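Chains D and P, in that order, give the protein sequences.
Position 11 of the first sequence, counting from 1, maps to 13 under my numbering, and the rest follow consecutively.
Position 17 of the second sequence, counting from 1, maps to 19 under my numbering, and the rest follow consecutively.
There are 2 protein chains.
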Amino acid sequence: MSVPESSRDSDLPDLAIPGGGRLLSAIELRTTDDADLVEILLRLREAGGEIVTINTFPATKKSEGPDVTRVFDIELRDLDALTAKRIAETVPGVQVAGARPTLGQIFGKRVIVVGGGAQVAQVALGAVSESDRHNLRGERISVDTMALVGEENIAAAVRAVADLPRAHILVLAGSLMGGEITKAVRELREIGIPVVALNMAGSVSAEADLVVSDPVQAGTMAVMAIADTARFDLDKLRGRRY
Amino acid sequence: MSVPESSRDSDLPDLAIPGGGRLLSAIELRTTDDADLVEILLRLREAGGEIVTINTFPATKKSEGPDVTRVFDIELRDLDALTAKRIAETVPGVQVAGARPTLGQIFGKRVIVVGGGAQVAQVALGAVSESDRHNLRGERISVDTMALVGEENIAAAVRAVADLPRAHILVLAGSLMGGEITKAVRELREIGIPVVALNMAGSVSAEADLVVSDPVQAGTMAVMAIADTARFDLDKLRGRRY
């Protein structure tokens, strides 16, 4: 399903993460039970499209007929939404096809904040306020949080950040993190997602790219680190503590 | 790709949204350029699996060879991860296949908060703190935010909430919202995602399921409304203002 680099539209920012490629378009299909996802993908591929994401939902729109049972949201490279829509609507079972903005065009890069509720909330305060200032200047940064307790739960969440589309940076907001969480941080950094940690007990802060004592400051710095509208170079600050 | 209801594993909670179905398993595949996503999907389907989500990433793990260029994260119904992994790793180009938890098992239901930075941050404060209390009792609720300005931007974000996997409720945090945003709220509610609004100027609050003056309270109530661990019935409170 790979397509020559040259055929890609370079007008749109790439908000898929980590790195590489350019998102082009998204379509939403509302279908009956008969619609075959594989058939849809085959036809889109024949037209030169490369699948980036697929999400399926049960159809719940009250105004549509009982025949429509499923929704497919498909994001593609190398194919414009109008062409993709026209191709998809020829597949049996596809009742409604329409162009959509990609989730990256709406929600942009994601700052992920994981840890204890009190501290997650303070990091979010800093990150949301700072992202507001950058979004006003054309950035698209969203702040996503998860309040969790326990080494295993937090380690699993850190590992899962690698699977979150558009996750650009992780902030660990807690008072004691180590062991399996530290291992998970190492794995996450290895795939290229930087980690900011509060100044806390445990081994995790030694593995983080940046350690920040004030949670509001930690959220602010995390946003600055990924904003194209900010002058803040994580590479120059790696290993520092504030 | 539909499979009889009876064959589905009912042990796992359904965290796909809105409504219906049960997520079973997730696998991650690390592949060369030669791996064909459609071939992978065909083989998983032959074994009885139904695709729920697919996310693709460029491979960025520093320790793996240059041959591995792409990562496919696939969530499936009706097929356990071990079987899916074994099937996928027989496809040419798949170098590494492994079982993963689904994103729903880690991040659970999502509260989405959209609006102006100052108010989004206060709603997040309430929602994160309240979600912490429910997550300690076995819930999985995450709080995701987006600070935005402008009728068009906010309306587009409200519409896109319908496409966000596991989005369970939206909180609109602002001081003036109407026009296209109000239309978008109507559309979102039609597919079954409830909307909480701050007590604000504009027509949006008349369309919301619940209007709350204090942003921290709005965040708290939004979490209570979707937590299985809370006694809070949005149906009983619909149209009220607090």
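We put the beta carbon where it would ideally sit given N, CA and C, even for glycine.
Since we're looking at a predicted model, the values are computed, not measured.
Strand pairing of residue i, partner residues [DSSP]
{"i": "serine 144/D", "result": "Arg112/D, Met148/P"}
{"i": "glutamate 30/P", "result": "Asp75/P, Gly100/P"}
{"i": "proline 60/D", "result": "Arg72/D"}
{"i": "threonine 55/P", "result": "Asn57/D, Glu77/P"}
{"i": "isoleucine 171/D", "result": "Val113/D"}
{"i": "arginine 191/D", "result": "Per DSSP, none; premise fails for arginine 191/D."}
Residue i - containing beta strand (DSSP E), residue span
{"i": "arginine 161/P", "result": "First-last for arginine 161/P: 153-163, but that is the alpha helix (DSSP H), not the beta strand (DSSP E)."}
{"i": "leucine 134/D", "result": "Strictly speaking, residue 134/D in this sequence is aspartate, with leucine absent from that position. Counting along the chain, aspartate 134/D falls outside any beta strand (DSSP E), though it belongs to the alpha helix (DSSP H) covering 119-137."}
{"i": "aspartate 75/D", "result": "72-79"}
{"i": "arginine 102/D", "result": "96-102"}
{"i": "valine 198/P", "result": "197-200"}
Sub-9 Å separation of residue i and residue j beta-carbons
{"i": "arginine 142/D", "j": "isoleucine 171/D", "result": "no"}
{"i": "valine 73/P", "j": "glutamate 30/P", "result": "yes"}
{"i": "alanine 28/P", "j": "threonine 85/P", "result": "no"}
{"i": "alanine 186/D", "j": "alanine 158/D", "result": "yes"}
{"i": "threonine 104/D", "j": "threonine 58/P", "result": "no"}
{"i": "valine 151/P", "j": "alanine 126/P", "result": "no"}
{"i": "leucine 174/P", "j": "methionine 202/P", "result": "yes"}
{"i": "glutamate 182/D", "j": "glutamate 153/D", "result": "yes"}
{"i": "threonine 62/P", "j": "threonine 33/P", "result": "no"}
{"i": "proline 217/P", "j": "glycine 128/P", "result": "yes"}
{"i": "valine 113/P", "j": "glycine 194/P", "result": "no"}
{"i": "leucine 26/D", "j": "alanine 90/D", "result": "no"}
{"i": "aspartate 38/D", "j": "valine 116/D", "result": "no"}
Interface partners of residue i on chain P, CB under 7 Å
{"i": "glutamate 192/D", "result": "Lys63, Lys64, Ser65"}
{"i": "valine 197/D", "result": "Per Cβ cutoff of 7 Å: no residues; valine 197/D is ~15 Å from chain P at best."}
{"i": "valine 54/D", "result": "Thr58"}
{"i": "leucine 245/D", "result": "Here chain D comprises residues numbered 3 to 244, so residue 245/D is not present and cannot be evaluated."}
{"i": "leucine 150/D", "result": "Asn137"}
Beta-carbon neighbours of residue i, restricted to chain D and to distances below 9 Å
{"i": "threonine 147/P", "result": "Ala126, Ala129, Val130, Ser133, Ser144, Val145, Asp146, Thr147"}
Cross-chain neighbours of residue i in chain D, by beta carbon under 7 Å
{"i": "proline 167/P", "result": "Asn57"}
{"i": "glycine 140/P", "result": "Those within 7 Å of glycine 140/P in chain D number zero; the least Cβ separation is about 11 Å."}
Proximity test, Cβ basis, 9 Å: residue i and chain A
{"i": "proline 94/P", "result": "In the displayed structure, chain A is absent; the protein chains listed are D and P."}
Cross-chain neighbours of residue i in chain D, by beta carbon under 8 Å
{"i": "valine 40/P", "result": "Met3, Val40, Leu43, Leu44, Arg47"}
{"i": "isoleucine 228/P", "result": "The premise fails here: isoleucine 228/P is roughly 14 Å from chain D at the closest Cβ pair, so nothing lies under 8 Å."}
{"i": "glycine 241/P", "result": "Here the premise fails: no neighbours, minimum Cβ distance about 18 Å."}
{"i": "glycine 100/P", "result": "Here the premise fails: no neighbours, minimum Cβ distance about 11 Å."}
Where residue i meets chain P, residues with beta-carbon distance less than 8 Å
{"i": "proline 103/D", "result": "Ala158, Ala162"}
{"i": "valine 122/D", "result": "Val130, Asp134"}
The ligand MN heavy atom lying under 8 Å from the CB of residue i
{"i": "valine 218/D", "result": "This structure lacks the ligand MN; in fact it carries no ligand of any kind."}
Boundaries (first-last residue) of the alpha helix (DSSP H) holding residue i
{"i": "valine 40/D", "result": "39-48"}
{"i": "leucine 178/D", "result": "Here leucine 178/D belongs to no alpha helix (DSSP H), and DSSP marks it neither H nor E."}
{"i": "leucine 166/D", "result": "Counting along the chain, leucine 166/D falls outside any alpha helix (DSSP H), and DSSP gives it neither H nor E."}
{"i": "threonine 85/P", "result": "83-90"}
Amino acids of chain P, ordered along the chain, whose beta-carbon sits closer than 9 Å to that of residue i
{"i": "isoleucine 29/D", "result": "In chain order: nothing, as chain P lies at least about 11 Å away."}
Could you give the uninterrupted runs of the alpha helix (DSSP H) lying entirely in the region 197-241 of chain D, keeping only those of 4 residues or more? Listed in chain order, the complete alpha helix (DSSP H) runs (minimum 4 residues) inside the region 197-241 of chain D are 206-209, 217-228, 236-239.
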